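Novice:
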Amino acid sequence: MGKKSVIPFGPQHPVLPEPIHLDLVVEDERIVEAIPNIGFIHRGLEGLAPDRDFQKYLYVVERTCGICSFGHGLGYVESIEGIMNVEVPERAKYLRVVWAEMARMTSHLMWLGFTADAFGFESLFYEAWRIREKVLDLMEMTTGGRLIYSVLKVGGVLKDITPDMQKKILDDLNEIEKETREMTRTFLDDYSVKTRLVGVGVLTKQQAHDVGACGPMARASGIVCDMRMRGYEAYADLGFEPVVSQDGDSYARCEVRINEIFASIELVRRAFERMPKEGDLAVTVKGNPDGEYFARIEQPRGEAIFYSEGHGKPALDRFRLRTPTFANLQALCETLKGAEYADVPILILTIDPCISCTER
Amino acid sequence: MSRVMKFAPVILKNLFSKPVTRQYPAVPIQYPEGDRGHIEIQIDRCISCGMCVRSCPTGTLSVDRMKGTWTINRFDCVQCGYCVLKCPVKCLSIVPGYQVPEREKTAQTYQKSPEVLKAEAEKRAKQAALAKEMAAKKAAALKAKKEAEAAAAAGKAAEAAPAPAEN
């Protein structure tokens, strides 16, 4: 038995895209325990809800995080529409799905890049980001923004995807799919990459269930939980099936995210096929929210829960956001136990941490 | 079955293909149509109603009706486009091209042209005169009504009073 010591990890660390602090209790080279410490970038976004009217607050919620921006906006408008019993036009539902899935692709491609960076494969990192850039260009063409889209409104969407744009998106998606397939072969088959991922940070199905993991983290451990199965927006009509893997190690988490990119591409294609050719983009919403509602949606990182409460005034009385990374931090501490110190960066990245969301 | 050098074909392809990056700023960027870059105003069409000021989530806009100015602090603007949605005369628009960096956060003020300001002042004066006239008319009508009422009341009182004794 070696001597126990505590090594602080973060908030400033080359591998971390965002600040999180972990106290790692180490015995020799193995982690015995990990104690997370968050709160470095708390901005108090939930506290801004009572100061603004509910339409205006959407633009604040969207800016909770630059990567999950569309997911945050979608969850918020869902919660308000739930309170006010607003029925969104069919075409708007499909458009929301298209943007949500493209946002998922950008997020997963970004994560693949960061992971390649964490195990020291720089050229693979740039390859992933090069492909991501193409998806960002499509988002910029359709929404006007690269990361913060601002196309949602309570009752529908603000912009349309014209047939010309649809054609361009479908053409580009073919190319993106081909390039992603080529690139992900390295993630899934390469010997040196596998030595860094296979069997590292195993989270069993039982552990994932006990700590309440969500999103790709839970699905990589064999738990079939995906909020899209709930069938919100147009997912019910698109024949959505969750991507699940059984091993629970870093390789399985990588595999789940890679397969989700392809699943997203397929969903976008199906959405364009089944989308009504014409129709309203939004309905007029009158009055103020009076009541409370929980909306649960699947963001790239997992299940996010939005709680809105209003009492007939223009501003909400309370808004609460539970983000997927907050749930997955417990799973991270679980996977870190017994891990090698050299694997800590890759394990932190496999939960796909989004600290901006977590600390709101 | 894992293999080594899986990435080699991608590297080879990248070695013999053109760079994906652009030689910025020598090659300028092409923004897509509908890109949300910055807010522009056609100031002479603005009616200074203040809807944009009330709709802005960051509170970066201000309007002075008397001076005919519209002010924006571009560094506080988040390009959400809500003011463009709310503008009743659609004089605001969101156009491609991002805010260039500066050393200080400075507000940018747009001033209406003197002709528009003069026309607006004349319109305001006309409206004020009209309002004054209407108010005067209303006051006169009210006064006449009050007088008529008073006269009627006096007549009634005279009738109701007992007739004076003859002797």
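One line per chain: the protein sequences are A and B, in this order.
Heads up: the first sequence is residues 664 to 1023, going by the numbering used here.
Heads up: the second sequence is residues 3 to 169, going by the numbering used here.
We put the CB at the ideal spot given by N, CA and C, even for glycine.
Source: prediction; values computed, not measured.
Are the CB atoms of A:K667 and A:E692 nearer to each other than 9 Å?
Specialist: Here residue 667 of chain A corresponds to residue number 4 of the first sequence, with the count starting at 1. Here residue 692 of chain A corresponds to residue number 29 of the first sequence, with the count starting at 1. No, the pair does not count as a contact, with Cβ atoms beyond the cut-off.
Novice: Taking the Cβ atom as the reference point for each residue, do A:E696 and A:C888 lie within a distance shorter than 9 Å?
Specialist: Taking the first residue of the first sequence as 1, we reach residue 696 of chain A at position 33. Taking the first residue of the first sequence as 1, we reach residue 888 of chain A at position 225. No. Outside cutoff.
Novice: According to the neighbour-count rule (16 or more other Cβ atoms, all chains shown, within 10 Å of its Cβ), is B:D37 buried or exposed?
Specialist: Locating residue 37 of chain B in the second sequence gives position 35, counting from the first residue. Label assigned to B:D37: buried.
Novice: Figure out for me which residue from A:I1018, A:L679, A:D823 and A:S884 has the closest Cα to the Cα of A:G992.
Specialist: Position 329 of the first sequence, counting from 1, holds the residue named residue 992 of chain A. Position check: residue 992 of chain A holds Leu in this sequence, whereas Gly was assumed. Nearest option by C-alpha distance: A:I1018.
Novice: Would you mind telling me which residues of chain B sit closer than 8 Å to A:T849, beta carbon to beta carbon, in chain order?
Specialist: By 1-based counting over the first sequence, the position of residue 849 of chain A is 186. Within chain B, the residues near A:T849 are K8, F9 and V12.
Novice: Quick one: what's got a C-beta closer than 8 Å to B:A153's C-beta in the same chain, skipping five residues either side?
Specialist: By one-based count along the second sequence, residue 153 of chain B stands at place 151. So the list is empty, once near-sequence residues are dropped.
Novice: Grab me the residues of A:Q829's own chain with a C-beta within less than 7 Å of its C-beta, minus the 5 sequence neighbours each way, in chain order.
Specialist: The sequence position of residue 829 of chain A within the first sequence is 166, counting from 1. For A:Q829, where only same-chain residues beyond five positions count, the Cβ hits under 7 Å are F935.
Novice: I want to verify the contact list: residues of chain B whose CB lies under 8 Å from the CB of A:D823, in sequence order.
Specialist: Working through the first sequence from its first residue, we reach residue 823 of chain A at position 160. Ordered by position in chain B, no residue passes the 8 Å Cβ test against A:D823, which lies about 10 Å from the chain.
Novice: Less than 9 Å between the beta carbons of A:E923 and A:R767, yes or no?
Specialist: Translated into the one-based positions of the first sequence, residue 923 of chain A becomes position 260. Translated into the one-based positions of the first sequence, residue 767 of chain A becomes position 104. Yes, the pair counts as a contact, with Cβ atoms nearer than the cut-off.
Novice: Just to confirm before moving on: does the CB-CB distance between B:C79 and A:Y722 stay below 9 Å?
Specialist: In the second sequence, counting from the first residue as 1, residue 79 of chain B sits at position 77. In the first sequence, counting from the first residue as 1, residue 722 of chain A sits at position 59. No, the pair does not count as a contact, with Cβ atoms beyond the cut-off.
Novice: So that I know if they touch, is there some Cβ in chain A lying closer than 9 Å to that of B:S57?
Specialist: What you label residue 57 of chain B is simply residue 55 of the second sequence in a count that begins at 1. By this cut-off, B:S57 is an interface position.
Novice: Is A:I743 a contact residue of the ligand PLP, with contact defined as CB to any heavy atom under 8 Å?
Specialist: Of the ligands one can find in the structure shown there are none, so the ligand PLP has no counterpart to examine.
Novice: My output table needs one value for A:V760: the three-state DSSP class, helix, strand or coil.
Specialist: For the purposes of this step, residue 760 of chain A is taken as the residue at position 97 of the first sequence. Helix, per DSSP.
Novice: In chain B, which residues lie with their C-beta within 7 Å of the C-beta of A:V723?
Specialist: Looking up residue 723 of chain A in the first sequence gives position 60. Within chain B, the residues near A:V723 are P59.
Novice: Decide yes or no for the touch test of the stretch 700-714 of chain A against the stretch 16-34 of chain B: beta carbon pairs closer than 8 Å, at least 3 of them.
Specialist: Segments in contact, no.
Novice: Does A:G854 get closer than 9 Å to chain B when you measure Cβ to Cβ?
Specialist: Sequence index remark: in the first sequence, residue 854 of chain A carries index 191 (1-based). Residue 854 of chain A is actually Tyr in this sequence, not Gly. Yes, contact with chain B.
Novice: According to a CB-to-CB cut-off of less than 7 Å, which residues of the stretch 780-794 of chain A neighbour chain B?
Specialist: Answer set for the stretch 780-794 of chain A: S786, L787, E790 and R793.
Novice: Thinking C-beta only, is A:I824 closer than 9 Å to A:V761?
Specialist: Taking the first residue of the first sequence as 1, we reach residue 761 of chain A at position 98. Taking the first residue of the first sequence as 1, we reach residue 824 of chain A at position 161. Yes.
Novice: Contact criterion: CB-CB distance below 9 Å. Does A:I811 meet it with respect to chain B?
Specialist: By one-based count along the first sequence, residue 811 of chain A stands at place 148. Yes, contact with chain B.
Novice: What's the call for A:I1014, buried or exposed, on a 16-neighbour Cβ count within 10 Å?
Specialist: Your numbering for residue 1014 of chain A matches position 351 in the first sequence. The residue in question, A:I1014, is buried, as its Cβ has 16 or more Cβ neighbours within 10 Å.
Novice: In the stretch 24-37 of chain B, which residues sit with their C-beta less than 7 Å from some C-beta in chain A, listed in chain order?
Specialist: Listed by position along the chain: P34, G36 and D37.
Novice: When burial is assigned at 16 or more other CB atoms within 10 Å of the CB, is A:T806 buried or exposed?
Specialist: Counting from one through the first sequence, the residue named residue 806 of chain A turns up at place 143. Looking at its Cβ environment, which holds 16 or more other Cβ atoms inside 10 Å, A:T806 is buried.
Novice: Does DSSP classify A:N922 as helix, strand or coil?
Specialist: As a first step, residue 922 of chain A is located in the first sequence; it is residue number 259 there, counting from the start. Helix at A:N922.
Novice: Flag this pair as yes or no: are the beta carbons of A:I928 and A:E764 separated by less than 9 Å?
Specialist: As a first step, residue 928 of chain A must be located in the first sequence, where it is residue number 265. As a first step, residue 764 of chain A must be located in the first sequence, where it is residue number 101. Their beta carbons are under 9 Å apart, which means A:I928 touches A:E764 by this criterion.
Novice: Below 9 Å between beta carbons: does that hold for A:D780 and A:V678?
Specialist: Mapped onto the first sequence, residue 780 of chain A falls at position 117. Mapped onto the first sequence, residue 678 of chain A falls at position 15. Yes, the pair counts as a contact, with Cβ atoms nearer than the cut-off.
Novice: Which class does B:F9 belong to by DSSP, given the choice of helix, strand or coil?
Specialist: The count along the second sequence starts at 1 and reaches residue 9 of chain B at position 7. Three-state DSSP puts B:F9 in coil, outside helix and strand.
Novice: Below 8 Å, can you find three or more Cβ-Cβ pairs linking the stretch 843-852 of chain A to the stretch 891-908 of chain A?
Specialist: Contact between the stretch 843-852 of chain A and the stretch 891-908 of chain A is absent, because fewer than three Cβ pairs lie under 8 Å.
Novice: Among B:Y112, B:Q101, B:L132 and B:K145, which has the Cα closest to the Cα of B:S50?
Specialist: Taking the second sequence and counting its residues from 1, one reaches residue 50 of chain B at position 48. Measuring from the Cα of B:S50, the nearest candidate turns out to be B:Y112.
Novice: Kindly indicate which three-state DSSP category A:P826 falls into: helix, strand or coil?
Specialist: Reading the first sequence from its first residue, position 163 is the one you call residue 826 of chain A. It is helical.
Novice: Are A:K831 and A:L944 closer than 9 Å when you measure CB to CB?
Specialist: The sequence position of residue 831 of chain A within the first sequence is 168, counting from 1. The sequence position of residue 944 of chain A within the first sequence is 281, counting from 1. Not closer than 9 Å, so no.
Novice: Is B:Q129 helix, strand or coil when you go by DSSP?
Specialist: Reading the second sequence from its first residue, position 127 is the one you call residue 129 of chain B. Reduced to three states, the DSSP call for B:Q129 is helix.
Novice: Report the residue ranges of all alpha helix (DSSP H) runs contained in full by the stretch 846-907 of chain A; include only those spanning at least 4 residues, in chain order.
Specialist: Counting only runs of 4 or more, we get 854-860, 868-874 and 879-882.
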